[in-house]
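Student: Mind having a look at this structure? Questions to follow.
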Amino acid sequence: MMDGLSLILPEIAIALAAVVILLIGSRLGKISGYLSVLGILVSIALLLMIPTGTETSNVIDVSGIKMIYSVDLFAVVFKMIFLSIALLSTIASLKYMENGKHLDAYYSLLLLSTFGMMVVASSSDLVTLFVGIEMAAIPAFILVAFEFNRKGVDGAAKYFLFGAVFSVIMLLGISLIYVSTSSLMISDIADVDDSAKLLAFLGILTLFSALAFEMSAVPFHLWAPDAYRGLRHP
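The C-terminal residue of the sequence shown carries number 234 in the working numbering, and the numbering is unbroken.
Following this line, the structure appears as structure tokens:
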């Protein structure tokens, strides 16, 4: 049986790698990329050490707001997916970013965005879900404008403005769900009373609209073409 701290060691490894790279990466140069790969591999190894069948939830109280952080098979699988994507992205970056500037910031932002997605995977309540999405999105805003050319800045500005609007829309959806269910737990949405089903449906629709923006799903993809044009590609 693993305790609560042991179960979040994969997240700690990613966060620690991001902080270390940000603090000393300017002196490491290209080695920052390899340190990022090492951090992801350590996180994957720690994730694989979590016993099959683990189901636990930790309550985090922030100024009276309770956030539920769960570790189960669902969370582990999606964390593995996110870490694998981050690993492939980082390995691909080693070559085409080798002559780039501010590599410490670049790899730190990649890791921080990955950390946010890992939080999303373990979210059992809407507040934790929102926090995780924002933690993943904010580094992405900066990465879009990382080259600091006109296309990148324009794309990042559009991404940021749309993102701010849809963050408010997401909060509106969460509020509607809370009013209809009197709970922020995702599992409680299925138990909504018949009299509040319409309000809950509107909340879910609003929430999914905001999530669709984050995934640049049609028709919420208006920011994507400008953002992608400003990115540096291998």
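Beta carbons are placed, not taken as given, at the ideal position from N, Cα and C, and that holds for glycine. These figures come from a predicted structure and were not determined experimentally.
Taking the CB atoms as reference points, tell me whether residue 176 and residue 206 lie closer together than 8 Å.
Tutor: Against a cut-off of 8 Å, the Cβ pair of residue 206 and residue 176 comes out as a contact.
Student: Quick check on the DSSP output: the alpha helix (DSSP H) that includes residue 116 runs from which residue to which?
Tutor: Start and end: 103-121.
Student: Can you grab the Cα-Cα spacing for the pair residue 142 / residue 48, in whole Å?
Tutor: Computed Cα separation, rounded: 31 Å.
Student: Let me know the secondary structure DSSP gives residue 54 once reduced to three states.
Tutor: Three-state result, residue 54: coil.
Student: Mark residue 11 as exposed unless 16 or more other C-beta atoms lie within 10 angstroms of its C-beta, in which case mark it buried.
Tutor: Its Cβ being crowded by 16 or more others within 10 Å, residue 11 is buried.
Student: Per DSSP, residue 69 is paired with what?
Tutor: In the DSSP output, where bridge partners are listed per residue, residue 69 has 58, 123.
Student: May I ask whether a heavy atom of the ligand FMN can be found less than 7 Å away from the beta carbon of residue 221?
Tutor: Looking for the ligand FMN in the displayed structure turns up nothing, as the structure carries no ligands at all.
Student: Using 8 Å as the threshold, is the C-beta distance between residue 80 and residue 44 below it?
Tutor: A contact, by the Cβ cut-off of 8 Å.
Student: Could you pull the DSSP bridge partners for residue 185 from this structure?
Tutor: 125.
Student: Just to confirm my understanding: we take residue 222, look at its own chain, exclude 5 residues before and 5 after, and list those with CB closer than 6 Å. What are they?
Tutor: The answer is none, since no qualifying residue turns up.
Student: Beta-carbon within less than 7 Å of residue 170's beta-carbon, same chain only, minus the 5 sequence neighbours each way: which residues are those?
Tutor: The residues are 130, 207, 210.
Student: Tell me where the alpha helix (DSSP H) around residue 249 begins and ends.
Tutor: For residue 249 there is no data in the structure shown, the boundaries of the chain being 1 and 234.
Student: In this structure, how does DSSP classify residue 8 when only helix, strand and coil are distinguished?
Tutor: Residue 8 falls in the coil class under three-state DSSP.
Student: Does the region 107-120 come within contact of the region 15-23, defined as at least 3 CB pairs closer than 8 Å?
Tutor: Segments in contact, yes.
Student: Give the straight-line distance between the Cα atoms of residue 124 and residue 68, rounded to the nearest whole angstrom.
Tutor: Those two C-alpha atoms are separated by around 5 Å.
Student: Under the three-state reduction of DSSP, which class applies to residue 237: helix, strand or coil?
Tutor: No statement about residue 237 is possible, as the shown extent of the chain runs from 1 to 234 and does not include it.
Student: Just to confirm, are residue 82 and residue 135 a CB contact at a threshold of 8 Å?
Tutor: Not closer than 8 Å, so no.
Student: Excluding the 5 residues flanking residue 56 on each side, which residues of the same chain have their C-beta closer than 6 Å to its C-beta?
Tutor: Excluding sequence neighbours, residue 56 sits near 71.
Student: Out of 201, 165, 35, point me to the one whose CA is closest to residue 87's CA.
Tutor: Looking at the Cα atoms, 35 is the closest of the given residues.
Student: Could you pull the start and end residues of the alpha helix (DSSP H) that residue 42 belongs to?
Tutor: Run containing residue 42: 31-48, per the alpha helix (DSSP H) assignment.
Student: Could you tell me if residue 1 is buried or exposed, where buried requires 16 or more neighbouring beta carbons within 10 angstroms of its beta carbon?
Tutor: Note on residue 1: pLDDT 46, under 50, position unreliable in the model; no value is reported.
Student: For a test of the three-state rule: what should DSSP assign to residue 98, helix, strand or coil?
Tutor: Coil.
Student: Return helix, strand or coil for residue 13, following the three-state DSSP convention.
Tutor: Correct three-state label for residue 13: helix.
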